[in-house]
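2 protein chains.
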Amino acid sequence: MARLPEYLRALHALAEAGHETVSSEGLANAAGVNSAKLRKDLSHLGSYGTRGVGYDVGLLVDQIEFVLGLTQRRAVALVGVGNLGHALAGYDGFASRGFRIAALLDADPERVGEEINGLVVRHIDELPRVAAEESISIGVIATPAPAAQAVADQLVAVGVTSILNFAPCVLSVPEGVDVRKVDLAIELQILSFHEHRKASLTALPATGGSALTALPGGLAATDTQEAIGT
Amino acid sequence: MARLPEYLRALHALAEAGHETVSSEGLANAAGVNSAKLRKDLSHLGSYGTRGVGYDVGLLVDQIEFVLGLTQRRAVALVGVGNLGHALAGYDGFASRGFRIAALLDADPERVGEEINGLVVRHIDELPRVAAEESISIGVIATPAPAAQAVADQLVAVGVTSILNFAPCVLSVPEGVDVRKVDLAIELQILSFHEHRKASLTALPATGGSALTALPGGLAATDTQEAIGT
DNA sequence: AGGCGCTTGTGAAGACGTGCACAAATCGCG
DNA sequence: CGCGATTTGTGCACGTCTTCACAAGCGCCT
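Each protein sequence line maps, in turn, to chains A and B.
Numbering follows our numbering, in which position 132 of the first sequence is assigned residue number 132; successive positions increment by one, without gaps.
Heads up, our numbering is the position in the second sequence plus 230, with the first residue counted as 1.
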């Protein structure tokens, strides 16, 4: 499930806070989900808590890390060392969550040779050699949109089967290759949609507004963290 | 819907390519979704294409931009000018997609006064004044996790009702405030999960592996762009 | 040993999203 | 004017996800 990493993060936080065990209710709160949902998710893993007590934090961490394939530290190749790529290369959240940036690549000769965080930027054409040196398990694309498809093709060609795409475009990849997309502008636009909806609702509480604003009330973007607590 | 921004991006690309109209099939391909789903989404907007012809690209762009509330250029306050925040401040994708970064804020006095992309970093305590000057409609949190909740509270206090959170933690906000979360490490972990699953499957095609790896086959992360095209 | 409170795991019901398949509608051409 | 090609809009069925509610199990206290 896509929620497992969230549970894992919450569990790490709980472990650091000194908790040995945690109830489904407690973990659900920390992860921002329903407790029943959490229990069902965990039961799908075959993970056993103990009734009347809760889940063993350390054990659960190990189990989830295993399921997520984090027992090995995965090597990541980052392509595109522009604005965003630069930030990603310096983001220490990767290292602390089970990943190792193994290579920085860019097509711009101007950028090749630059050192970021102890890693030297290499030219994208060296990708085959890089892949031979390191066992790249995930490719991250942080290039401009027009270059993204070509980069994806190159990554696939050297055997990468998981790609995280920050470029605002859809990638075409062979079957068996997984692509996840993160588009910062889209996130903002979804928020903008909610803002617009909220504004229309408060401005025209009775009429309901024009046909366009009078969308079904339940029209909500998925994955939005609704209001929690106070 | 969360897919509207994706449609919008595809439409802009089509418009630049010179297309006047587009069929649901064509737009669906460009946006990476099923054509039936696209038609249903568009019909929920009350948007009318013409049968036998398709959708008018320009008209559809206007409609979606209106629904998303992009007719006005929304002001964004970015809090946390660290690694990631710095990149976001310099990301031109925001400006070109309907947003304007109106303020850069940070708690570190060291960073206050720094100029990024023509904007000066101000101290977070100036947030009320900033909010009075500009009509902030969205707040972006790019701080370390421990600071995120406090920042969120401050944003809410000055009337911000939409927050994009890059910090790896869940935020607690009052009802009526929307929070979207983007966690780069989680995206990688989801890919790692797929990698692990694929590896287990090919390694042990018959046995199915241990109880933990033998997850229901349909256990897939949502929002993943499955293989498309060749 | 027995009972009580607490927590997990799960069955069932409902909501929701997805995709097929087809009727209705429009355009172009003879 | 009529017909065929094409494409939208949508009813329907299906699978998935979510949530409630409760039985089963565990530990602690007496």
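Think of the CB as a built atom: it goes at the ideal place given N, C-alpha and C, for glycine as much as any other residue.
None of these values were measured; they are calculated from a predicted model.
Nearest Cα to residue 20 (chain A) within the set A:116, A:179, A:59, A:145: A:59. For residue 367 (chain B), the enclosing beta strand (DSSP E) has its first and last residue at 366 to 371.
According to the DSSP assignment, residue 335 (chain B) belongs to the beta strand (DSSP E) that extends over 329 to 336.
About 11 Å separates the beta carbons of residue 309 (chain B) and residue 319 (chain B), which is beyond the 8 Å limit, so they are not a contact pair.
Taking C-alpha positions only, residue 286 (chain B) is separated from residue 5 (chain A) by approximately 42 Å. Neighbours of residue 5 (chain A) across chain B, judged by C-beta separation under 7 Å: 416, 419, 420. Counting along the chain, the unbroken beta strand (DSSP E) around residue 349 (chain B) starts and ends at 349 to 353. Contacts between residue 68 (chain A) and chain B, judged by CB atoms closer than 9 Å, involve 419, 420, 422, 423, 426 in chain order. Under the 9 Å criterion on CB atoms, residue 162 (chain A) is classed as interfacial with respect to chain B. Residue nearest to residue 336 (chain B) within the set B:322, B:419, B:324, B:353 is B:353 (criterion: CA-CA distance). By the Cβ test, the stretch 392 to 406 of chain B is not in contact with the stretch 36 to 46 of chain A, since fewer than three Cβ pairs between them sit closer than 8 Å. Within the stretch 254 to 341 of chain B, complete beta strand (DSSP E) segments of at least 3 residues are found at 304 to 309, 329 to 336, given in chain order. Residues of the stretch 117 to 132 of chain A with a C-beta atom less than 8 Å from some C-beta of chain B do not occur. Restricting attention to B:381, B:363, B:323, B:406, the CA atom closest to the CA of residue 201 (chain A) is found in B:406. Between residue 69 (chain A) and residue 295 (chain B), the C-beta spacing is not below 9 Å.
Taking a Cβ-Cβ cut-off of 8 Å, residue 100 (chain A) has no neighbours in chain B, whose nearest Cβ is about 11 Å from it.
Contact with chain A is found for residue 314 (chain B), since one of that chain's Cβ atoms lies less than 9 Å from the residue's Cβ. Interface criterion met: the Cβ of residue 408 (chain B) is under 9 Å from a Cβ in chain A. Judged by DSSP in its simplified three-state form, residue 236 (chain B) adopts helix. Close to residue 135 (chain A), with beta-carbon spacing below 8 Å, lies no residue of chain B; the smallest spacing is near 11 Å. By the criterion of a C-beta distance shorter than 6 Å, residue 411 (chain B) is surrounded in its chain by 395, once the five residues flanking it on both sides are discounted.
Chain order gives the chain B residues near residue 90 (chain A) as 313, where near means a beta carbon separation below 7 Å. Taking 9 Å as the CB threshold, residue 141 (chain A) stays off the interface with chain B.
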